[in-house]
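Please read the structure below before turning to the comments.
What follows is the structure, encoded as structure tokens:
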């Protein structure tokens, strides 16, 4: 691989043209981040036709067409990514880089290390952008603009060595692959940040998967008396918005990050128990302290977030 | 009281000129829903000055000035409303109508029945509109437009009779007072719905207070590792938005609706436990069923909501 880190990819394949895959295609075309983009459906899928009509891809192809591609993006639910990895093996050209958009990373990165042939490179990606809508019709070329993409690779995993993300733990080719994938997402308007796969999974358990579980449980609780919903306003709409997301995709995400999410749910249950006790016993100082502490944590986070690049 | 149900009020007093009180003033002035509006601060308060500068009230007054008013609106936190009720007694003119904007209703309506003199009328209101911002600077004249105002009165409570909201359980004067308060909120652009105070409190426990407790607990859980917050996106922002609300006001609300909220928190904890078990045991059908059931409940609610007047 002689390409420099910032050189755009020539031919990109997007496998899975749903909301994310089609949005990637639209963003690539709008920002001229690659010369050619092909779209590949999973067996039985037809969303590439919509992606083609929307101008997100140049043509529809079958899996063997990845043999001409420099970058292959797996844009399917997590467990389909895991199932796809071995199927890529016979078709990848030397030097090809494979990435994905899965919301959990440890299982994917570990599997990819073993599934892909020598001389090809896997760099895990998690573009932190989405919508509760799904499918290529909901795709937008600006879905990724100004959002963060977490980059997870694991170069030393094959050797069983404790992994690290420092440049000197990679071969030069592996490091170049990481940099090219970072440049690719940056060319779609994203910020990138490298993080170890297991830490990534703990982070997203706290800030993405737990909110999904909470929104789901909250919606089920609030809807237990349907009459009560006439009194519902923006508070319930906002707190449960993500519970309107695709159940199939979220089943995948939650099942591939089980232990970290279970820990987070236990923590949430404890905070709820503390609040309930304060409310039941009329412990005003304890209740106020909890509400203030949550408000402060949120205010500080948002202030920090505005300042970050 | 000879005024017809739809006749606008002549002189209105707003006690407490924070976000809600000042927004009421702005809406009254914009829609000419009363002839005069006076603003009254709680002891030590100064927000009427801002309300005056913003044109939300005609003048600043002290509590005795309510003796010239037809409608007195208590726009303070719930426990201040409870404390204010006896203080109104010496100043109310015959036929005066008192309402409030408190987020819990059973304690307020019960207290008002006993606190106010004969020949005056209390009609509880809960305009379902707000913001996580507070104070008169955040007030908006359109805060109430198209939102729902729940109306809670309890005419038979004094007699210890099971209460009802049918017209024939009210005296003619009491019923006229309910209708005038309804017309008032309608003149600010709101829809109104009558509901018994205890049922109101159970409804809002489910759709407003529980989301607040959940958002608070969720923010505390997600922020337990501050590093994780770099990976946070709109999901966490939306699910925790209401946890940015005023801690003092929410302490009040939660403490005046304790039993109903504690029940709701228990229900939420059970749903979380079910989700956690499904995730831990890898029970895919159970997990998918829960996610689908929450999504369906939310989709149906929102579809219904769009159709309602």
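Chains as they are written, first to last, in my numbering: chain A, 1139 to 1447; chain B, 1139 to 1447. Backbone N, C-alpha and C fix where the C-beta goes; we use that ideal spot for every residue, glycine too.
Each of A:1428, A:1401, A:1402 and A:1403 was checked against the Cα of residue 1414 (chain A), and the nearest Cα belongs to A:1428.
Assigned with DSSP and collapsed to three states, residue 1186 (chain B) falls in helix. Taking the beta carbon of residue 1405 (chain B) as reference, the chain A residues within 7 Å of it are 1359 and 1362, listed in sequence order. Per DSSP, the unbroken beta strand (DSSP E) holding residue 1212 (chain B) starts and ends at 1209–1212. Against chain A, the beta carbon of residue 1342 (chain B) has neighbours under 7 Å at 1369, listed in chain order. Contact annotation: residue 1390 (chain B) and residue 1216 (chain B) have beta-carbon atoms nearer than 7 Å. By the Cβ neighbour-count rule, residue 1284 (chain B) is exposed, with fewer than 16 other Cβ atoms within 10 Å of its own.
Taking the Cα positions, residue 1437 (chain B) is about 11 Å away from residue 1378 (chain A). Residue 1198 (chain A) carries a strand assignment under DSSP once its states are collapsed to helix, strand and coil.
Contact check for residue 1235 (chain B) against residue 1212 (chain B) fails: the beta carbons are separated by 7 Å or more.
In this structure residue 1334 (chain A) is not in contact with residue 1348 (chain B), their Cβ atoms being roughly 36 Å apart against a cut-off of 8 Å. Counting along the chain, residue 1259 (chain B) sits inside the beta strand (DSSP E) bounded by residues 1259–1265.
In the three-state reduction of the DSSP assignment, residue 1326 (chain A) falls in the coil class, being assigned neither a helical nor a strand state. Neighbours of residue 1145 (chain B) in chain A, taken as residues whose beta carbon is under 9 Å from its own, are absent, since the nearest beta carbon is some 28 Å off.
Per DSSP, residue 1353 (chain B) is one residue of the alpha helix (DSSP H) stretching across 1348–1360.
When Cβ-Cβ separations below 7 Å define contact, residue 1248 (chain A) makes no contact with chain B. Counting only runs of at least 4 residues, the region 1386–1418 of chain B fully encloses the following alpha helix (DSSP H) elements, listed from N- to C-terminal order: 1396–1418.
In its chain, beyond the 5 residues on either side, 1152 and 1213 have a beta carbon closer than 6 Å to the beta carbon of residue 1159 (chain B). When DSSP reads this structure, residue 1147 (chain A) sits in a beta bridge with A:1172. One Cα belongs to residue 1364 (chain B), the other to residue 1164 (chain B), and the distance between them is close to 41 Å. For residue 1389 (chain B), the C-beta contacts it makes with chain A under 7 Å involve 1422, 1425, 1426 and 1429, in order along the chain. The criterion of a C-beta distance shorter than 7 Å is not satisfied by residue 1381 (chain B) and residue 1345 (chain A).
Near chain A, meaning a CB-to-CB distance below 7 Å, no residue of the region 1199–1220 of chain B qualifies.
From the beta-carbon of residue 1354 (chain B), the residues of chain A found nearer than 7 Å are 1413, 1428, 1429 and 1432. Following the DSSP letters along the chain, one finds residue 1236 (chain A) inside the beta strand (DSSP E) bounded by residues 1235–1238.
In the DSSP annotation of this structure, residue 1223 (chain A) is not part of any beta strand (DSSP E); the continuous alpha helix (DSSP H) holding it starts and ends at 1216–1226. The three-state secondary structure of residue 1383 (chain A), taken from DSSP, is coil. Going by C-alpha positions, residue 1278 (chain B) is about 20 Å away from residue 1376 (chain A). Residues of the region 1221–1247 of chain B with a C-beta less than 9 Å from any C-beta of chain A: none at all. The alpha-carbon separation between residue 1218 (chain A) and residue 1387 (chain A) amounts to approximately 10 Å. With the criterion set as a beta carbon lying under 7 Å from some beta carbon of chain B, the region 1152–1186 of chain A has no members that meet it. Annotation for residue 1354 (chain B): 1381 place their beta carbon closer than 6 Å to its own, counting only its chain and skipping 5 residues before and after.
The DSSP-derived three-state label of residue 1272 (chain A) is coil. With a 10 Å radius around the Cβ and a threshold of 16 neighbouring Cβ atoms, residue 1238 (chain B) comes out buried. Taking C-beta separations shorter than 6 Å and ignoring five residues to either side along the sequence, the partners of residue 1323 (chain A) in its chain run 1287 and 1330, following chain order. Three or more beta-carbon pairs separated by less than 8 Å link the region 1222–1234 of chain B to the region 1247–1261 of chain B, which places the two stretches in contact.
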